[in-house]
Each structure stands twice: as structure tokens, then as C-alpha cells.
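Numbering (our numbering), first residue to last: 205 to 613.
Quick reminder that beta carbons are idealized off the backbone N, C-alpha and C, glycines included.
Predicted model only: the values in this text are computed from it and were never measured.
The structure under discussion appears below in the form of C-alpha cells.
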Ligand code: SF4
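This is the structure:
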């Protein structure tokens with residue numbers, strides 16, 4: 205298992221697999237072929253189906269500028285090793301000088317076909333929650349102490365930057381107005397949600413409203429291509445920050461504890477990435493929003509000083525009740541159902557953690573088991589429910605006009 209740093213990436217939305225991953229791929233490719241004066245980039249699978257709405261072509265052209273680029277959306281090819289596949293071809297004076305096939309495997313990470321994974325090395329000694337929990341109990345250490353041992357204490361410097369970015373994103377998102385870019389013409393709602401709280405609202409309703417406003421603030425920025433932190437992906441980036449921002453502002457939790465919560469949440473996300481997938485194109489939204497909800501529930505449980513068993517139970521409940529959740533973004537934009545779904549999951553994360561405090565003793569389902577189940581469920585989901593916009597809400601809403609690339613965005 206790699207460092208938590210690999211999970212929390214700071215960069216532009218709206219999609220870690222459709223913008224961050226492809227951007228990284230073309231930059232590596234350009235470095236390999238500095239003499240190229242023209243690039244052809246062919247997108248397959250989910251990248252071809254929803255790349256337009258996810259701004260994949262724009263980010264590729266931007267990254268390779270000022271070189272000439274042609275981006276092709278190949279929706280015919282079905283025999284793919286990975287649902288997010290891209291071919292990169294370099295030309296010099298019309299002659300092909302190099303080619304590379306890349307898989308965008310989720311959370312902004314990529315794998316180059318035929319090459320060992322170029323990313324960071326595995327640094328963790330254990331790869332399941334059960335193993336980690338056993339280790340912590342045997343040596344009487346906390347999950348946080350375990351993370352320090354594996355990562356080094358310096359990880360907290362990076363996590364401070366992660367938190368600063370999350371916090372700044374919410375605070376800016378609560379000030380912004382206007383329409384989110386794209387054909388859906390959705391109005392930003394975070395500011396209105398936040399600034400219209402009345403004194404008569406009950407504590408429960410205030411919590412719902414604030415979590416919704418905070419999740420919208422980040423998710424609306426993500427949908428607009430602004431800077432966010434993958435937690436664990438761009439599409440699900442609003443959930444963990446919303447819960448943490450609620451804790452720091454309403455419950456006056458100190459910042460150090462919040463950053464420790466980010467570390468514990470990162471461990472949960474890392475376990476899902478290691479043993480299943482955090483990619484909507486590979487396993488549906490259960491892998492993105494389900495994982496993010498698990499992470500947020502674990503962070504909340506840690507901050508509330510739950511035991512290791514209760515933290516595990518919080519993460520498990522949060523994931524279990526997202527099983528089967530499909531990915532069906534309308535017109536391929538990370539807007540509907542994504543933005544609202546982030547708010548729902550932020551609320552659920554706190555509910556899952558509170559339920560865990562009541563139910564963790566004698567539970568039958570472990571976190572590892574639910575992660576395994578999520579992966580198997582994801583593999584069984586039809587491709588039309590995995591970030592292709594061919595099924596679900598996307599299909600019903602779009603009435604077959606989605607693949608008209610000439611329609612104005
Ligand atoms: S539906 Fe879920 S997985 Fe799909 S793009 Fe939206 S947030 Fe990501």
C-alpha cells in the first residue's frame with residue numbers, strides 16, 4: 205500500500221480519472237518525446253463516453269500547449285483491459301515517432317501498459333484493516349501512531365496542506381455565485397444555503413443545512429474545474445471536507461485533531477484503493493462516494509475518540525449502505541447526481557459513525573468484507589452504470605442527444 209499522499213492529490217477538478225490522470229499521462233509522454241510537434245490522443249471506454257463532459261479534451265490540449273493536438277473519442281472499441289484507456293501517439297513532421305497506452309486507474313493515478321507502475325513505492329507493512337487492527341491492538345498503539353510509523357511523522361506537514369486547501373475551497377465556495385460551466389446551466393447553491401440560516405432552525409436541521417452547504421461549496425468548485433483535493437477522487441471531493449469543516453466550526457474541534465482525522469480517513473481510502481477500486485469507471489459511484497463516506501465516517505469516529513473497532517464499524521456502515529450505487533452523470537458532467545450526492549453522503553457519514561458507536565460490539569460484517577463485496581458488485585455492474593452516461597439518470601434525462609459533441613457546452 206502506498207503513502208496517503210498518493211490518495212490526497214491537490215489539483216483541478218472535475219475528475220481525477222478524467223482530468224488529473226490524463227493530464228499526468230500526456231505530460232509524461234511529452235517528456236519522452238520532446239521533439240514531437242503533433243500529438244494524437246485517442247480516448248476509449250469511459251474516457252470516450254464522458255470525457256467531453258469531464259473536460260478531458262480541454263485539459264489534454266491545455267497540458268500539451270502550444271503543440272498541436274488532436275483528441276479522438278473512440279466509442280466503438282469495446283475490448284479494453286481497463287475502462288479508462290487512452291492511446292498517445294507522437295509525430296514529428298507527420299511521421300510517427302512514439303506510442304504509449306495508458307490506463308487512468310482512479311484518484312489521478314495512471315498505469316502505463318508494459319511498464320512497471322511508475323508511481324511511488326508501497327510503504328505499508330499491512331494491506332487489510334484486520335491486519336492493521338491486530339497490529340495496533342497487539343502493541344497497544346492507535347491508528348494514528350500506526351500511520352506515523354509507516355509514513356513518518358512528516359506526513360502531517362503534507363496533510364496540513366491538504367486541510368488548508370480543503371478549508372480554503374469551502375470558504376471560497378461559500379462566496380461564489382453564478383452558473384456552473386456546462387450544458388446543464390446549474391446555478392451555484394452553496395452561498396444561498398449558507399447565508400439563509402435562520403435562528404429558528406433546530407440543531408438537526410442546522411447540521412443538515414451546514415453539511416449540505418459545505419459539501420456543495422467544494423463540489424461546485426470541483427464541477428467548475430477549480431482546485432480541490434481528491435478525497436479519494438474529484439467527484440467525491442466534497443464529503444470529507446464538509447464533515448471536518450462542520451466539526452471545526454460548530455463543535456470547535458482543534459485543527460490538530462482535524463488533521464489527524466484526515467490521516468485516519470486516508471488510511472481507509474488507501475485500503476479501498478489497495479483491495480478494490482476508487483474509480484467510478486471501474487466500480488460505479490459506490491467506489492467514489494461510498495469510499496468518501498467511509499473515510500469521513502472514520503475521521504469523525506476518530507475525532508470523537510471512538511475505539512479502533514468502532515472506527516472500523518463506522519467505515520463499514522458507511523460503505524455497506526452505498527453498495528450497488530451506480531455512476532450516471534448527466535451529459536457526463538460531474539454535476540447531477542454528483543453535487544447533491546456529496547451532501548447526502550456527508551450527512552450519512554455522521555449518521556454511520558453515530559450508529560457505529562451503538563452497534564460495533566457483536567457486529568458480523570468487517571470493513572475488509574464490505575470492501576471485497578463492493579469490488580465484486582462493481583465488477584458485476586453493467587458498463588452503462590460505470591461513468592459512461594449510458595444508463596440511469598443520464599439515459600433518462602438526455603434522451604439520446606448526449607453524444608452530439610457539436611452541442612454547445
Ligand atoms: S456519479 Fe459518482 S462516480 Fe459518477 S461522476 Fe458523479 S460522483 Fe463520480
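| Query | Result |
| --- | --- |
| Between the beta-carbon of residue 228 and the beta-carbon of residue 311, is there less than 8 angstroms? | no |
| In the DSSP assignment, find the unbroken beta strand (DSSP E) run with residue 596 in it and report its ends. | Taken as a continuous stretch (DSSP letters only), residue 596 belongs to no beta strand (DSSP E), being part of the alpha helix (DSSP H) at 596–602. |
| Ordered along the chain, which non-local residues of its own chain (more than five positions away) have a Cβ less than 7 angstroms from that of residue 260? | 222, 223, 226, 247, 251 |
| Would you mind reading off the limits of the beta strand (DSSP E) that contains residue 592? | Where residue 592 is concerned, there is no enclosing beta strand (DSSP E), given that its DSSP letter is neither H nor E. |
| Look at the Cβ atom of residue 530, then the Cβ atom of residue 254, and state whether they are nearer than 8 angstroms. | no |
| Assuming contact is defined by CB atoms lying nearer than 8 angstroms, are residue 211 and residue 473 in contact in what I supplied? | yes |
| With 16 as the cutoff for other CB atoms within 10 Å, does residue 383 come out buried or exposed? | exposed |
| Let me make sure I understand the geometry here. Which of 588, 442, 381 has the alpha-carbon closest to that of residue 553? | 442 |
| Rank 239, 265, 257 by C-alpha distance to the C-alpha of residue 295 and give the top, closest one. | 239 |
| If you draw a straight line from the alpha carbon of residue 495 to that of residue 546, how long is it in whole angstroms? | 11 angstroms |
| Could you say which of 570, 381, 448, 572 lies nearest to residue 424 if we only look at CA atoms? | 381 |
| Would residue 243 pass as a contact of residue 273 if the rule is Cβ separation under 8 angstroms? | yes |
| Going straight from the alpha carbon of residue 613 to that of residue 377, what length do you get? | Note that residue 613 scores a pLDDT of 44, beneath 50, so its modelled location is shaky and nothing firm can be said. |
| Are the beta-carbon atoms of residue 469 and residue 503 separated by less than 8 angstroms? | yes |
| Hey, which unbroken runs of the beta strand (DSSP E) at 3 residues or more fall wholly within the segment 219–256? | 242–249 |
| For residue 401, I'd like the list of residues in its chain whose CB is within less than 7 angstroms of its CB, leaving aside the five on either flank, ordered along the chain. | 410, 413 |
| Would residue 481 and residue 582 qualify as a contact pair, given that the criterion is a beta-carbon distance under 8 angstroms? | yes |
| Can you look up residue 611 in the DSSP assignment and give me helix, strand or coil? | For residue 611, the predicted structure reports a pLDDT of 44, less than 50, and the residue's modelled location is therefore unreliable. The matter cannot be settled from this model. |
| From this set, 393, 445, 230, which residue's C-alpha is nearest residue 306's C-alpha? | 230 |
| Classify residue 477 as buried or exposed, calling it buried when 16 or more other Cβ atoms lie within 10 Å of its own Cβ. | buried |
| Quick check: does the Cβ of residue 440 come within less than 7 angstroms of any heavy atom belonging to the ligand SF4? | yes |
| Helix, strand or coil for residue 577 per DSSP? | helix |
| Pick helix, strand or coil for residue 265, following the three-state DSSP scheme. | helix |
| With hydrogens ignored, establish whether the beta-carbon of residue 531 is closer than 7 angstroms to any heavy atom of the ligand SF4. | yes |
| Taking residue 555 as the reference, which of 500, 587, 535 has the closest Cα? | 500 |
| Please look up how many angstroms separate the CB atoms of residue 506 and residue 464, rounded, as I've assumed it's under 8 angstroms. | 7 angstroms |
| By how many angstroms is the C-alpha of residue 588 removed from the C-alpha of residue 357? | 43 angstroms |
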